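Residue numbers (UniProt numbering): 1 to 132.
Cβ coordinates follow ideal geometry from the N, Cα and C atoms, glycine included.
Predicted model only: the values in this text are computed from it and were never measured.
Listed below in structure tokens is the structure:
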């Protein structure tokens, strides 16, 4: 069991919050994924899942991330990062800064915590864009 919970996050809707203090580099959560084909991803883009699909395997396919993985909010100043583990079919979240109990855990949807560029929604019909 991971020390996180999800709850309302101000004007962002839902978010993931720490139930304990996390040290820099500490594992927050490992989330299994359900890989999708391009065709399945395109179908999902017509549903609420459009905002929750991660690009997967060279950004050609998508993946639905289970656990709290689909609920982490974006920030250009994140306190956590994610790593796509293709062989393990999971997304791994780790703290990039100390995170205090009760603090919202934020990731940069572009993949790199130092990336300050605007994020874009992924269009699987085009089959390429930055990480979300």
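- Around the C-beta of residue 27, fewer than 16 other C-beta atoms lie within 10 Å, and the residue is accordingly described as exposed.
- No residue range can be given for residue 48, since it is assigned to no beta strand (DSSP E) and is classified by DSSP as neither H nor E.
- Distance check between residue 34 and each of 14, 21 and 87 places 87 closest, using alpha-carbon atoms only.
- Per DSSP, the continuous beta strand (DSSP E) segment holding residue 34 begins and ends at 27-36.
- When only Cα atoms are considered, residue 29 and residue 42 end up about 28 Å apart.
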